[in-house]
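Structure first, commentary second.
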Amino acid sequence: MLERLARGEQTVGELAAPHRMSLAAASKHIRTLEKAGLVRRTVRGRIHYCRIDPRPLERADDWLRAYERLWDTRIERLAKLLRHPDNEPSPSE
Amino acid sequence: MPTTSTQSPSSTDRIVKHVELEAPRSRVWRALTDYRQFNQWFGVALTTPFAPGAAVSGNMSSPKYSHLTLTIWIETMEPERFFSFRWHPYAIEEGVDYSAEPTTLVTFTLEDAGAGTQLTIVESGFDAIPESRRAKAFSMNERGWAGQAENIRKFLSA
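Put into structure tokens, the structure is as follows:
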């Protein structure tokens with residue numbers, strides 16, 4: 075769905091069609107994407123139009139930075155481990 | 002305290018960390034490649050020794066993720082100089098099969114720095130990770146990471 079939306083604005087019906095989904099099921103799926111902040115929906119008349127909200131995707135780089143913080147934590151632990159050589163397990167297990 | 006730095010923030014394919022450690026390369030090498038020591042700082046409970054070509058698995062130690070199994074595929078072990086493995090980064094969603102996805106490569110390079118060791122950690126290959134998963138992982142972040150950060154803080158202050 076996100077791939078299709080990347081090409082431009084789509085109606086709920088257009089999004090549902092290739093997945094052989096009911097409109098209700100598609101609408102539910104879109105609601106999940108809306109909650110995740112990935113999709114925005116506007117209603118004009120009776121038609122619901124969906125477009126991608128580019129902001130979270132722009133923040134994909136932020137994802138990497140958040141992930142990177144895991145490494146910072148691990149590195150801190152590694153440094154801590156090395157500061158205490160006596161906690162090295164004996165070579166024979 | 003160790004100093005860490007990152008590459009320019011525009012790089013989306015890799016994470017680069019430099020750290021100066023107050024221990025000789027031989028000691029750092031053991032901390033990186035003895036699986037029991039690796040477990041301690043990495044936060045995992047891998048169950049078998051590392052060897053080139055080996056797939057090593059174990060559960061995560063963090064209480065929040067202890068139901069998840071982590072697998073790393075050891076690639077290169079050049080004693081006291083270079084160590085690398087592959088894995089699926091951030092593969093923390095229950096019931097998702099990540100096996101079809103590309104892996105990232107994690108490398109550790111050890112160099113002398115005075116009496117200590119300069120360690121460079123590089124994880125690369127993020128550009129090949131599906132964009133949809135990144136977006137999803139990111140939205141998960143917002144819900145899940147506050148809790149994870151709390152776990153880590155508790156661990157460190159224990």
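Chains as they are written, first to last, in our numbering: chain A, 75 to 167; chain B, 2 to 159. Cβ coordinates follow ideal geometry from the N, Cα and C atoms, glycine included.
Supposed close pair residue i, residue j - CB separation, criterion 8 angstroms
i	j	result
Arg-26(B)	Asp-113(B)	7 angstroms
Thr-110(B)	Thr-121(B)	4 angstroms
Arg-78(A)	Leu-89(A)	6 angstroms
Glu-124(B)	Pro-90(B)	7 angstroms
Gly-117(B)	Ala-52(B)	Incorrect: roughly 27 angstroms between the Cβ atoms, too far for contact.
Lys-18(B)	Trp-145(A)	6 angstroms
Gln-119(B)	Leu-155(A)	That pair is no contact at about 17 angstroms.
Glu-102(B)	Arg-87(B)	Going by Cβ atoms, the distance from Glu-102(B) to Arg-87(B) rounds to 11 angstroms, so no, they are not a contact pair.
Beta-bridge pairing of residue i - partner residues as DSSP gives them
i	result
Trp-17(B)	Correcting the residue type first, residue 17(B) is Val in the shown sequence and not Trp. Val-123(B).
Val-97(B)	None, per the DSSP bridge assignment.
Gln-109(B)	Per the sequence shown, the amino acid found at residue 109(B) is Phe instead of Gln. Phe-84(B), Ile-122(B).
Met-75(A)	For Met-75(A), which the question treats as bridged, DSSP gives no partner whatsoever.
Ile-149(A)	Ile-149(A) pairs with nothing; no bridge assigned.
Ala-116(B)	Looking at the DSSP assignment, Ala-116(B) forms no beta bridge with any residue, so it has no partner.
Ile-160(B)	The requested residue 160(B) is not part of the displayed model; chain B covers only 2 to 159.
Leu-71(B)	Gly-59(B)
Glu-79(B)	Phe-83(B)
Closest by C-alpha distance to residue i, when choosing among the options
i	options	result
Ala-56(B)	Ser-62(B), Ser-63(B), Thr-48(B)	Thr-48(B)
Arg-139(A)	Ser-133(B), Asp-14(B), Ser-62(B), Glu-23(B)	Asp-14(B)
Gly-115(B)	Glu-21(B), Ser-12(B), Glu-95(B)	Glu-21(B)
Ala-46(B)	Ala-52(B), Glu-132(B), Met-61(B)	Met-61(B)
Glu-95(B)	His-89(B), His-68(B), Arg-87(B), Thr-118(B)	His-68(B)
Glu-83(A)	Arg-157(A), Arg-115(A), Arg-148(A), Arg-143(A)	Arg-115(A)
Thr-72(B)	Val-123(B), Gly-59(B), Phe-83(B), Phe-84(B)	Gly-59(B)
Gly-87(A)	Tyr-123(A), Val-113(A), Gly-111(A)	Tyr-123(A)
Arg-94(A)	Ala-110(A), Arg-120(A), Met-75(A)	Met-75(A)
Pro-50(B)	Trp-42(B), Arg-37(B), Asp-98(B)	Arg-37(B)
Arg-82(B)	Gly-126(B), His-19(B), Thr-108(B)	Thr-108(B)
Val-168(A)	Asp-127(A), Trp-145(A), Arg-151(A), Glu-150(A)	No statement about residue 168(A) is possible, as the shown extent of chain A runs from 75 to 167 and does not include it.
Leu-33(B)	Lys-65(B), Ser-85(B), Phe-127(B)	Ser-85(B)
Gly-163(B)	Tyr-66(B), Trp-74(B), Phe-39(B)	Residue 163(B) is absent from the model: chain B starts at 2 and stops at 159.
Gly-111(A)	Val-117(A), His-103(A), Arg-118(A)	His-103(A)
Arg-148(A)	Ser-63(B), Arg-134(B), Arg-28(B)	Ser-63(B)
Ile-16(B)	Arg-120(A), Glu-142(A), Leu-107(A)	Glu-142(A)
Leu-107(A)	Leu-152(A), Arg-157(A), His-158(A), Arg-125(A)	Arg-125(A)
Arg-120(A)	His-158(A), Arg-151(A), Thr-85(A)	Thr-85(A)
Ser-100(B)	Asp-35(B), Glu-79(B), Arg-28(B), Ile-130(B)	Ile-130(B)
Gly-44(B)	His-158(A), Arg-157(A), Arg-151(A)	Arg-151(A)
Tyr-66(B)	Ser-12(B), Ile-93(B), Val-29(B)	Ile-93(B)
Met-78(B)	Asp-35(B), Thr-70(B), Phe-127(B), Glu-102(B)	Asp-35(B)
Ala-153(A)	Asp-128(B), Ser-12(B), Phe-39(B), Arg-134(B)	Phe-39(B)
Check each residue of the region 35–47 of chain B: if its Cβ is closer than 8 angstroms to any Cβ of chain A, include it; give the result in chain order. Answer set for the region 35–47 of chain B: Asp-35, Arg-37, Gln-38, Gln-41, Trp-42, Phe-43, Gly-44.
Considering only residues of the region 80–141 of chain A, which uninterrupted alpha helix (DSSP H) runs meet the minimum length of 4 residues and lie entirely inside it, listed in chain order? Taking 4 residues as the minimum length, the alpha helix (DSSP H) runs contained wholly in the region 80–141 of chain A are 86–90, 97–109, 128–132, in order along the chain.
To be precise: take each residue of the region 93–121 of chain B, compare its Cβ to all Cβ atoms of chain A, and keep it if any distance is under 7 angstroms. Which residues remain? Going along the region 93–121 of chain B in chain order, one finds no residue with a Cβ nearer than 7 angstroms to chain A.
Using Cβ-Cβ distances below 7 angstroms, what residues of the region 79–111 of chain A are close to chain B? Against chain B - using a Cβ distance shorter than 7 angstroms - the residues of the region 79–111 of chain A are Ala-110, Gly-111.
Short of 9 angstroms Cβ to Cβ, which residues in the region 134–156 of chain A face chain B? Considering only beta carbons, the part of the region 134–156 of chain A lying closer than 9 angstroms to chain B consists of Ala-134, Asp-135, Asp-136, Trp-137, Leu-138, Arg-139, Ala-140, Tyr-141, Glu-142, Arg-143, Leu-144, Trp-145, Asp-146, Thr-147, Arg-148, Ile-149, Glu-150, Arg-151, Leu-152, Ala-153, Lys-154, Leu-155, Leu-156, in chain order.
When Cβ atoms are compared, which residues of the region 58–80 of chain B fall closer than 8 angstroms to chain A? For the region 58–80 of chain B, the set of residues with a beta-carbon nearer than 8 angstroms to any beta-carbon of chain A is empty.
Ignoring anything shorter than 3 residues or poking outside the region 21–62 of chain B, list the beta strand (DSSP E) runs there in chain order. Qualifying beta strand (DSSP E) stretches, in chain order: 45–47, 56–61.
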